[in-house]
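Beneath this line is the structure, given in structure tokens, with notes to follow.
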Ligand code: 1OR
Ligand code: 1OR
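Shown next as structure tokens:
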């Protein structure tokens, strides 16, 4: 019996597969709906001809945010637009130092591809390298990299000096670089109903610009420098080759864990995977301080293995117990801590120490706001129960608001 494969089917599926490999969408079905709907609306699908040039099989990513617009182009222009779709070009460099131009079809298991990729190296003075290492040492996205990959990332990064009011990133644009902050304050603005709203800021630390590069989507926010500052930029191609590849492994490693975290139960699988993409892993030795009571907060923790103990100093208790730390709780695998200061926008309410070797998954405050908004009600209920226990432990005048 012979089965006839309809003309165009192979190419149609190939196009979709290439996009999946490149964009690594968390939800394949949702992505397929978007991909094929857009294909039908724009009517730009042509069978991909067998071409010796592998870049010819790459189609521009389907973006979830982008609306299909009627093209309004002449036949020639349409052809140009179509060939532009096939020959995906990375966006032009925002800062002039961009070195590599490379197509970005991505297969996490394809190591051969990797070996052929050019390594980008921006030479640096010892002083620059030292500053770069300092700026990158707490960057969560780098925490799951092997030492060798981390060193390649550092090699590829280049310094960008910025002026007050300079737009580093504009919402809706294509992504060129990922940025690590060395110094400076940066506002985060998001357009809502045509109005630009400041939803947060980076204050002399942190990183931004990962989303457009990870998911092949337009920039999700605008980032503006509020004063003179310095950034370290990592080009899109290197970001893909090293960070996105590490993320594919990270998803496999932590998928089961995030499934088991009660707080995250109400989220869709795709939302949980987005959380994994931005998580960093930090290891702590027995007795090591993880959070210090009274400190400013910039991240949220989930215990992956081991145990942590929460210790609190009473401010109100007089006598010999005054200012002594009292153990108030312990958290083990699957439990979280460090949410209170972020939700209440207050300093840390307690100190947290590792009990034995402990591993925690860490999320920065921007990712916490972006991805855990719908879990906040659960957190708030727990915070209300902290208040009750606090009264029982330290007396009625104590509260969590310092
Ligand atoms: P990007 O490549 O999309 C803009 O370029 C960057 O702003 C983005 O990556 C993030 O790194 C960063 N929503 C979206 N992007 C954000 C947000 C954010 N905060 C920082 N970025 N929200 C603000 C959370 C405090 C949610 C707003 C509704
Ligand atoms: P944070 O960001 O304030 C310390 O940093 C963390 O300790 C806090 O978030 C919570 O995640 C965690 N009171 C205050 N913080 C607590 C408590 C707590 N339990 C855990 N944390 N309780 C009342 C104190 C008597 C609860 C005791 C069971």
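Residue numbers (the UniProt record's numbering): 1 to 402. Cβ coordinates follow ideal geometry from the N, Cα and C atoms, glycine included.
query: Rounded separation between residue 193 and residue 247 - CA only; result: 33 Å
query: Under 6 Å, CB to nearest heavy atom of ligand 2: contacting residues; result: 291, 297, 310, 312, 328, 329, 337, 338, 339, 340, 341, 348, 349, 350, 352, 386, 389, 390, 393 and 400
query: Cutoff 6 Å; reference residue 301; Cβ partners in own chain excluding five residues on either side; result: 337, 338, 360 and 362
query: Reference residue 213, options 240, 345, 128 and 196, closest by Cα; result: 240
query: Residue 287 to residue 311 span [Cα, whole Å]; result: 12 Å
query: Outcome for residue 125 when other beta-carbon atoms lying within 10 angstroms are tallied against a minimum of 16; result: exposed
query: Span of the beta strand (DSSP E) around residue 330; result: 325–332
query: Residue 90 versus residue 176: straight-line alpha-carbon distance, rounded; result: Residue confidence for residue 90 is low, a pLDDT of 36 falling below 50, so the modelled location carries little weight; the figure read from the coordinates is stated next. Roughly 7 Å between the two C-alpha positions.
query: Residue 235, enclosing beta strand (DSSP E) - first and last residue; result: 229–235
query: Check whether residue 403 and residue 306 have beta carbons under 8 Å apart; result: The requested residue 403 does not occur in the structure, where the chain is confined to residues 1 to 402.
query: For residue 247, three-class secondary structure by DSSP; result: helix
query: Buried versus exposed, by CB contacts within 10 Å (16 or more), residue 293; result: buried
query: Collapsed DSSP secondary structure at residue 133 in the structure displayed; result: helix
query: Between the CA atoms of residue 392 and residue 403 - distance to the nearest angstrom; result: Absent from the model: residue 403. The displayed extent of the chain is 1 to 402, so no value can be given.
query: Anticipated Cβ contact below 8 Å, residue 291 with residue 351, distance rounded; result: 6 Å
query: Which of helix, strand or coil DSSP assigns to residue 266; result: coil
query: heavy atom of ligand 1 below 7 Å from residue 409 C-beta; result: It is not possible to answer for residue 409, since the shown part of the chain is limited to 1 through 402.
query: Terminal residues of the alpha helix (DSSP H) in which residue 417 lies; result: Only positions 1 to 402 of the chain appear in the structure, and residue 417 is not among them; the question remains open.
query: Bridge-paired residues (DSSP) for residue 200; result: 188
query: Proximal residues to residue 297 (C-beta, below 6 Å), its chain only, five neighbours per side dropped; result: 341, 342 and 348
query: CB contact flag (residue 134, residue 225, <8 Å); result: no
query: Heavy atom of ligand 1 within 7 Å of residue 208 beta-carbon; result: yes
query: Whole-angstrom distance between residue 12 and residue 28, CA atom to CA atom; result: 15 Å
query: Spatial distance of residue 37 from residue 119 (CA atoms); result: 37 Å
query: Under the three-state DSSP convention, the category residue 387 falls into; result: helix
query: Option nearest residue 222 by Cα separation, candidates 269, 21 and 201; result: 201
query: Residue 212 beta carbon near ligand 1 (any heavy atom closer than 7 Å); result: yes
query: Bounding residues of the alpha helix (DSSP H) (the contiguous stretch that carries residue 365); result: 365–371
query: Residue range of the unbroken beta strand (DSSP E) whose run includes residue 289; result: 289–291
query: Same chain, Cβ closer than 8 Å to residue 268, neighbours up to 5 away in sequence not counted; result: 27
query: Short Cβ contact (8 Å threshold) for residue 242 with residue 152; result: yes
query: Rounded distance between the beta-carbons of residue 233 and residue 158, thought under 8 Å; result: 6 Å
query: Proximity test, residue 460 beta-carbon vs ligand 1 heavy atom, cut-off 7 Å; result: With the chain represented from 1 up to 402, any question about residue 460 goes unanswered, as that position is not in the structure.
query: Top-ranked residue by Cα proximity to residue 24, from 353, 169 and 244; result: 244
query: Collapsed DSSP secondary structure at residue 101 in the structure displayed; result: Residue placement at residue 101 is poorly supported in this model, since its pLDDT is 29, which falls under 50; the coordinates still yield a value, given next. Here residue 101 sits in coil by DSSP.
query: Inter-residue CB distance, residue 324 and residue 313 (contact presumed, cutoff 8 Å); result: 7 Å
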